[in-house]
Structure formats: structure tokens, C-alpha cells
Amino acid sequence: MREIYMDHSATTPVDGAVLETMLPYFREKFGNASSIHQFGQEARNVVEEARERVAGFIGAKSSEITFLSGGSEADNFALQGLTSAYSGRGKHIITTSIEHPAIIETANYLEQNGISVTYLQPDKYGLIHPHQVEDAIRPETFLISVMHVNNELGTMNPIGEIGAIAQNHGILFHTDAVQAFGKLPIDVVAMNIDLLSASSHKIYGPKGVGILFIKEGTQIDKLIHGAAHERNRRAGTENVAGIVGFDKAVEICENVMTEEAARLTVLREYFWNKIETSIPDVIQNGHPTEKIPGILNMSFKGVEGESLLISLDMKGIAASSGSACSSGSNKPSHVLQSIRLAPELLNGTLRFSLGRSNTEDDIDYTVDALSEIVERLRAMAPVS
Amino acid sequence: MREIYMDHSATTPVDGAVLETMLPYFREKFGNASSIHQFGQEARNVVEEARERVAGFIGAKSSEITFLSGGSEADNFALQGLTSAYSGRGKHIITTSIEHPAIIETANYLEQNGISVTYLQPDKYGLIHPHQVEDAIRPETFLISVMHVNNELGTMNPIGEIGAIAQNHGILFHTDAVQAFGKLPIDVVAMNIDLLSASSHKIYGPKGVGILFIKEGTQIDKLIHGAAHERNRRAGTENVAGIVGFDKAVEICENVMTEEAARLTVLREYFWNKIETSIPDVIQNGHPTEKIPGILNMSFKGVEGESLLISLDMKGIAASSGSACSSGSNKPSHVLQSIRLAPELLNGTLRFSLGRSNTEDDIDYTVDALSEIVERLRAMAPVS
Amino acid sequence: MYSRKVMDHFTNPCNVGEIENPDGVGEVDNPTCGDMMRITIRVEEGVITDIKFKTFGGGAAIAASSMVTEPVKGKPLKETVKITNKDVAEELDGLPKVKLHCSLLAENGLKAALDDYYKKISYPYFIM
Amino acid sequence: MYSRKVMDHFTNPCNVGEIENPDGVGEVDNPTCGDMMRITIRVEEGVITDIKFKTFGGGAAIAASSMVTEPVKGKPLKETVKITNKDVAEELDGLPKVKLHCSLLAENGLKAALDDYYKKISYPYFIM
Ligand SMILES: Cc1ncc(COP(=O)(O)O)c(C=O)c1O
Ligand SMILES: Cc1ncc(COP(=O)(O)O)c(C=O)c1O
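Written out as C-alpha cells, the structure reads:
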């Protein structure tokens, strides 16, 4: 059977060149980067080279990059670490209602511990407007955390403008850039970003690696305490092979990012045009222009999302309803609720996230399958 | 040049069969284990199989195993997560002065936040006696955390007895078993362990993976909040390839553990006998009998440890002074200070940790090199 | 995620559709997840001679709908009344925990249809 | 971790040893890391004609010891007085931050030896 993977926002396959680069670091160059012998120094060197490249990719200094286990840890480290360091001084955090659970749940946890949190509501496209951020600022606000690109809708927030507001008010600014990193140009200096989260497995790198960028001079407590790894920011033996893989994945993004973005934009438009002409009663979600190329989020009237997904899966097509993380739960996505999607559409939403492997041919196959499936399921549904 | 790796307590090379098992999970079976399509379900299944095996290996249920990024995260999760869940109820933790920094630094951090901590001092062999634990218990004690095997000395604590004391007093018992797991039989039920940390890269598995065993019914807050991964215990896309590798590494340990322990015991005795007969003024540290087979910790009078290490390294021999993690710092190891090693020996200590690759021949070569090096460095030292 | 049996019933559900002029109609929904079900039955001399369902819902809801209708056809009403969501889930070789409520939808749909029939014939016994 | 130059000096240090009946002896130690150094010098007509060191310490300490003695031989005392630990670290192509104090040990060792010499000849100038 044909296999078409259109769930690149959930995770990506490791690029062939990335895996190739990683291989020697499992069995030959396997040293602990903290050891002073040659095995250790070899590991130390590649970790520092990786730090250098990743830093350069977002306009940071290498000393500002902390390697850790992924996007969720980065988000937790940012929110918990700053809250701990600012305890007694800062009591209010501004974030949004469309953040990834790694931010929302952490903010909820901090709320239980005496921090107050404002969750800004996006407009119907999933966009957060800079004036909303400005209006929410209070004297005791110490942190603004707004995601760069929303993982369900692909909507892109005006991070540079929000960063400028934060800076004007002397407030820290964190952005969860897990879905933007490697897909859009990011410059932490120009955008006034103080902290930024990114994850390797979303950009054809291995799972289990990520970074938190922490601007020089920022006071932050550790989340994972212990030995003085990562310039005393994050304890734990460095995942050398993972970091080397992340490094290579970033290098590839540097090279292909612009051209891939253009290709995926064309592909997504092609996809949507075909859908619109072959399937009735479907709308596209997300911002019409402010969005990343790869994501196409659609709601089908009168069809349930999971049934769609399973049916697609049986035809070898991998997509997602909302985020991968909320699958297995029955609640409609908090993002779709935040954009106030009509109730009858909430449960009929699919996210296709295109990536390097996808072709026009994949889309033809998918739309054919999808229109057949939608028709079948609609026929099965009671008329309401 | 010959390469002899004798730093297996710092990290180990990934076993060939382990890497083999991991490979398909980078590019082919790369799904996000939370996705409901086949790519995701394939990943989900192997993660659950791994959980099953790892649980079985220590007599736990699979629902009691949380996968995470390594030993340091496991230790932090245990201490911080319990402290948060018991806030208001428990105010005192008992641990030891010879724990890994992942415990000591976390305990220090908790102390800054109003928890009081007792750091038990070991005897001169690095052993913690059960009665010390019992004597330190206060009404407000909610947690005892004592490491199973010390990473510098190899000394093995009487975990079962300490677990029994904890249980009698209705106090939680955590053990950092990073250096014991895969080397000694562990039964969490028989030993009354409530929480246990282990790390993959110490047992010929990949770096960046570990577990925290959490006994059913234990109240613990998350350290890394977010999506409901790992039965809502630890957010973050699962490192599937890493977990699969850890699984395979555990399987191999199951098969070779007993016989490898016997082999390493013989090898270590051979090593020590050769040292004693070829190098004057050297003592062995750690417990004479209660220790794991692989570790040989020695102090050389009148020689500085780093010089020894560098000189060995130039001959292709990788060893460590104290723990890998404290290298780069100048402070003598807190473990050696805790066993009250004579000041003139503190700085002349080496740890050799033997593993699967080491042979008698390696030891012959090492002892020859070592005696030459010690002689040269002693000649260079001022007579004091 | 789902058992083979759930997948079979999802792919080829039995008794999909709607009976014209049915003797009983059950319409139920689950407000939390938005699932909806409509069951129509034909009853002749105390026996369900035909049953059809329409369901809006996920894999479990559709499979459970199919599963609840299957053993009912040709059975006396009295027996079908005893079918519970546990039976349905078991017959499907189990359902994921978070999807168990979908089998409840099926049970309730069937009961609502029976109920409607009893109401119509003014039988003094209500199931729901 | 260390520069090539540090490694060279560590492997083949210059001027290791002890001068018999020296004109100046410097003995210094670093209590935090336990490093110790002993420098002996021979001085003839205001010029250091021989210098030897013995050091207990890590790679940086030994390399710095070697490096501090090297340029001194044959130099007038007045010039050697100006050597600082910064010079030593630079000459070694840099040292890791945590090891910088080792170059201070070398500077202090040399100064202690010069000091001792000045004391012996009752010169009214003390360096330390
Ligand atoms: C006893 C002990 N605990 C914890 C750790 C930390 O484990 P990891 O390096 O996987 O974070 C180590 C090793 O570094 C260790 O030896
Ligand atoms: C926006 C966003 N933030 C955070 C995460 C979490 O990243 P990770 O899976 O690496 O923990 C994800 C993806 O899962 C994401 O899409």
C-alpha cells in the first residue's frame, strides 16, 4: 500500500544525511563530553561546534544556547526557571490560550503556586495582536510568552512587534518557536527575543533533543539541577549523537529553507484548490496570509475527525486532528475552541502538515481518498 | 595508538545490537507515539514493549515506568516532584553527602525553598548504615533518598534495609540506581523502593534516555508539564529510537549481567594485585566487599590526578578522577572528602571503571604505563 | 489503538441506514465529544425484525453502533433490553479507556429506540 | 581542553629539577586545589644563569611552571620581575578559565624565588 506522511508538524523522519552524521557517535566517538580524555574531548568539541551553528542560525551567541531534551523541556525550563529566579519580584505572566500544552500546563501549574497568568485570546485566524499584549501588561508582569507559529493552524504571530513591546516595558519575552525554527528566518536580536524554545525532531533531526536560547545576562534558575553541564544551565550527560544530529539538521535547514518554503506554499495552495473543488462544505482554518507554508487545517461539516483520520490511515495517509498530543483525549482542541470555530465543525477538523517528502502526486491521491471518505461518513451520519 | 577505555561509569559505547535495533526508528518507523495513524501506532507499540521489559527487569509494573531524558532528570523529577506534591505536608528530606550532584544540587535548591535536608555522612568506605537513616528520621520527614551504588567508589549501599526502614515509618524511599541498574539484580518490591532512577547510557544504551520508576499510588507532581505523554507523568514527544535502544540494552544486561559481574570481579582483582606489586604508595578506596565489580578507585601519594589522567590519555588510556561531571572544576571530589581521605591523597585519585571491552591484556598495558607515569610525576614533584 | 474487531466494524459496519416509518426511534448524543446516534427499529410481535443506525462519531462510536445492532435483529425485545455497554465493549475485544463512553452511546441509542417503541404502544415500562 | 603548547610543555617540561645550593628558593602552594611548586635559581651579576622547578599539580600547573622558567634563563633580574601570570597564560596559547590560577602559581613561584634572593643579599626591595 501507498504510504503518504502528511503529519510533519507532529514529527519528521530523520534526514538521511543527519543519521549518517550521527552514526559514529554511538559506538566509536561515544565519550562523555565532560571527560577530560580524548573520548570526552572529541565529544566536547562536536557539542560546542553544534552550539556554534545553532546559535548562528538564530543570530545568537553560542554561550546563549542550552541543549536539552526537547521542546517541552525548553518551555518548562523557560517558565519555571524564570519564575523561580524572579520569585518575590515578578508575579504575573502573559501568555495565550493557543499555546502548546507544554506552555499552558506549565502556566497552570505556576498558577497553583501563586503566579497569576493572563491567557490572551487570538482572533478567529489564531492571531495574537501586539496591542493585546500591551494592554495586558501590569506593574508586576515579568514575563511574556507567545508562540511564534501555532502548531495546529500554522498561524504566525508578530513576534518582532511583541518583542519590542516587551523590551519597552523591561519585561522578559519568551517564544515557543518549535514550529517556526528551521522553517522561518529567526533573528533573536532583531526580534528582541530573550528566550526561545526549539526542538530537533520537528526539523528532520532526532527526537530527544532541543534547545532553549537564553539571552546573555538573563537570570534563570535551573530546571534540572546537578553537575555543571551546559555552562551550569542544565545537568545531565549530553546526548552527543542527538546534538550532532540536530546540528546537521539545522545545517540542512539553512540550505533548503527558502526554497522548501516556496515549494510547500505552492503545494498547499494546490491541495486546497483541489479540496475546494472536490469536497462540499469544507472551510480552511488559520490566517489567510500570516501562516507557515506547510500546514493546511480544514473543517469538514458533518464528519467526525477521528473517523476521517482512521479512514485515511487505512489508505496509508497520515494526518492529524488538532495536535498529535491531544489525540487519545476526547476534548476538542483548545486552539479550535479559542478561534471560536462553530461547534458543528469542532469535531470535524483535520490538519495536514506537508514536508520534504510530499509531492503533487501525494496530494492527488489524498484528495481522491478524502472525498470518498467524507462522502461515506456523511452518509453514515444522522441528519441533524 | 592503542585505545583502552576504562571509564565505563562515565558512559559506555552503545552495544552493536542496540544500535542495530534503533536504526529503523530514525527514518522508517519515525512516527510520533501520540499519533493515531500507523506511523504513530508503530512507535506507540515499541515504546510500550520497552516499558514492559524495563519494568520486568526490576520487578515493577509497566505502568510504574516513566521514560525521560536520563539519570539527572529522573533524580530531579523524584525530588522536586515529590516535594511539590507533598508541599504543606512534608518538610524534611534525608539523603547523603555522597550522592551524585543531580541529587545534592537538587536538594540544595529545595533547601533554598524552605525544605530542610539531612546529608548523612558515610563511613570511610563510602557506606551509609541503615541505623544512620533511622536516627535521622523526624516527624516531618517525607522522603529518604540514598543512592544504590556510588559512582566514584563503587560502594553498594544496603538499599533493602533502608527501604524497610522507610516503609516502617511510612516515608517515601527513592534510590538513584544509575550505577547499579544493569549491573546488580534489583527488585523494587522486595527492596521496598518507591522511586528509582536509571540511565541508559551507563549500560551500553544510547545517551538521552532514562527512567524513573514510581510505585503505583505515589503522589508526585510533574517536573516537565505539558501534553499527557507517559501516562501524564512527563510531557514531551517520546524519544522512540532512544527508548528502543534502552530496551535492547536492558535485554542484553538480563542475559550477560551475572557472568559479566564475575568476569569483572576477577579482572579488577588482577588489576589491583598488579598495581600493588608495581607501584609503591598507593591505596584502594571504597568498600572491601560491598562494591560493584567494575570500579577500581585508587589514590597515589604525591601525584596529582589530572596530570595522571592526561598522561594516561596520551597513552590511549581513558580513566577518570572522581566523576566525569566534576572534571573541569578544581575542587576535590565531595565523595572523597566525605570519606575523609587524607588531604595529600585527595588530589591523587583515579577511578578506573571496567566494562565489556576490557581484557587482562588492557590491564597489563595500563599498569605498565601507569607505573612509568607515576614515577615520572613523582620525580617532578617538590618533596614536601 | 483499536482492536482488529473495532476496525472491522468501523470499515464494514452492519445495519447502517434508516428504516422508513420505524416502530421506534432513538436519538442520543454525547455533548462532551459531540457524538450523535440515531437508531430506528422495526418490531413485529415482540421481536426486533429490523434495526438500522446512523452515527456521527469516531471509530469507537461507529464500531459500537454496528456491534450493538448486530445481535439484536431477530431477538425478542425482552432480551435486547439487557444489552449493556460492557457487553458491547467486550464484544469489540475491548476499547481504549478514553473511548469507553462511545459504547455507552450505543447502549443508550438502542435503549432510547426501545423506549420510544414502548411509549408508542403505551407499555407502562420505561427503560431510560 | 588544553592547547597544543600546554600539552607540549606538560609532556616535555623545561628546567625540571632542583639547583644545589641555590641563590634563591621559592616555595608556593594553592590550598584550594593542592598544587605546590618549588623554584630554585642561580644568580650571577644580576642575571639568572640557571633556574629549575618542581611542581605538584595538573597539566596547566606543570606547563605554566615550565613556561615561566624558560624565558628567564640568562635574563637580568630586573626584567624577569615583570613577568605576570597573564604573560604565562598567553605564551601557552591560553588556559581554560578554571585553570588560570595555575599560571598564577608559576608567577608567584618565580617571584618568591627572586624575593628570597633579594632577601639574602639584603636588597631593600620586596616583590611579594
Ligand atoms: C549515580 C549517578 N546518578 C546520576 C547520574 C546522572 O545521569 P545522566 O548522566 O544520565 O543524567 C550519574 C551519571 O552521570 C550517576 O553516576
Ligand atoms: C508549538 C510546540 N511547542 C512545543 C512542542 C513540544 O516539543 P517536544 O515534542 O519536542 O517536547 C511542540 C510539539 O510537540 C509544539 O508543536
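Order-wise, the sequence lines are chains H, X, U and Y. Numbering-wise (this note's numbering), the first sequence opens with residue 1 and increments by one. Numbering-wise (this note's numbering), the second sequence opens with residue 1001 and increments by one. Numbering-wise (this note's numbering), the third sequence opens with residue 2001 and increments by one. Numbering-wise (this note's numbering), the fourth sequence opens with residue 3001 and increments by one. Just so you know, even glycine gets a beta-carbon here, dropped at the ideal spot from N, CA and C. Since this is a predicted model, take the numbers as computed values, not measurements.
Environment of residue i [buried if 16+ CB atoms lie within 10 Å]
i: I1186/X; result: buried
i: V1383/X; result: exposed
i: D1247/X; result: buried
i: K3052/Y; result: buried
i: Y2123/U; result: exposed
i: T2084/U; result: exposed
i: S63/H; result: exposed
i: A1381/X; result: buried
i: S116/H; result: exposed
i: E1216/X; result: exposed
i: R1002/X; result: exposed
i: S1326/X; result: The predicted model places S1326/X with a pLDDT of 43, which falls under 50 and marks its position as unreliable; any figure quoted below should be read in that light. It is buried - the Cβ of S1326/X has at least 16 other Cβ atoms within 10 Å.
i: T1258/X; result: exposed
i: S1323/X; result: For S1323/X, the predicted model reports a pLDDT of 43, less than 50, meaning its position is unreliable and no value from the coordinates is stated.
i: N2012/U; result: exposed
Short Cβ contact (8 Å threshold) for residue i with residue j
i: S199/H; j: G70/H; result: yes
i: Q1179/X; j: I1292/X; result: yes
i: I1275/X; j: L1153/X; result: no
i: G348/H; j: G126/H; result: no
i: A97/H; j: L120/H; result: The sequence given here places Ser at residue 97/H; Ala does not occur at that position. Cβ distance < 8 Å, so S97/H and L120/H count as in contact.
i: I310/H; j: F2010/U; result: yes
i: M267/H; j: I363/H; result: First, the amino acid is wrong: residue 267/H is Leu here, not Met. Yes, the pair counts as a contact, with Cβ atoms nearer than the cut-off.
i: V1204/X; j: I1243/X; result: Contrary to the premise, residue 1204/X reads as Tyr rather than Val in this sequence. It is not a contact, given that the beta carbons lie outside the stated cut-off.
i: S1333/X; j: G3058/Y; result: no
i: S353/H; j: S9/H; result: yes
i: G3017/Y; j: K3111/Y; result: no
i: G226/H; j: H1201/X; result: no
i: R1234/X; j: L1068/X; result: yes
i: E1042/X; j: G1031/X; result: yes
i: F57/H; j: E238/H; result: no
i: T3049/Y; j: R3042/Y; result: yes
i: V3047/Y; j: G3074/Y; result: yes
i: D2035/U; j: A2063/U; result: no
i: S1072/X; j: I224/H; result: yes
i: L1172/X; j: L1110/X; result: no
i: P13/H; j: R1027/X; result: yes
i: Q1284/X; j: N1297/X; result: yes
i: F300/H; j: V374/H; result: yes
Endpoints, the alpha helix (DSSP H) within which residue i is located
i: F271/H; result: V240 to S278
i: H1229/X; result: H1229 to N1232
i: V18/H; result: G16 to M22
i: E344/H; result: P343 to L346
i: P3004/Y; result: For the sequence presented, residue 3004/Y should be read as Arg rather than Pro. Counting along the chain, the alpha helix (DSSP H) containing R3004/Y begins and ends at R3004 to T3011.
i: I363/H; result: E360 to M380
i: T1066/X; result: No alpha helix (DSSP H) holds T1066/X; the beta strand (DSSP E) holding it covers I1065 to L1068.
i: D2115/U; result: L2100 to K2120
i: D1075/X; result: G1071 to A1085
Residue i at chain A interface by Cβ criterion, 8 Å
i: M298/H; result: No chain A appears in this structure, whose protein chains are H, X, U and Y.
Limits of the unbroken beta strand (DSSP E) element including residue i
i: M2036/U; result: D2035 to E2044
i: R351/H; result: T349 to S353
i: M298/H; result: I295 to F300
i: N285/H; result: V282 to N285
i: T1106/X; result: Taken as a continuous stretch (DSSP letters only), T1106/X belongs to no beta strand (DSSP E), being part of the alpha helix (DSSP H) at P1101 to Q1112.
i: L212/H; result: G210 to I214
Interfacial residues, the region 346-366 of chain H to chain U, with Cβ spacing under 8 Å: L346 and N347
Members of the region 1075-1104 of chain X that neighbour chain Y once the beta carbon cut-off is set at 7 Å: none
The region 1091-1105 of chain X touching the region 1132-1145 of chain X, judged by at least three CB pairs closer than 8 Å: yes
Members of the region 1200-1214 of chain X that neighbour chain H once the beta carbon cut-off is set at 8 Å: H1201, P1206, K1207, G1208 and V1209
Contact list for the region 2029-2055 of chain U against chain H, Cβ threshold 8 Å: T2032, C2033, G2034, D2035, M2036, M2037, R2038, K2054 and T2055
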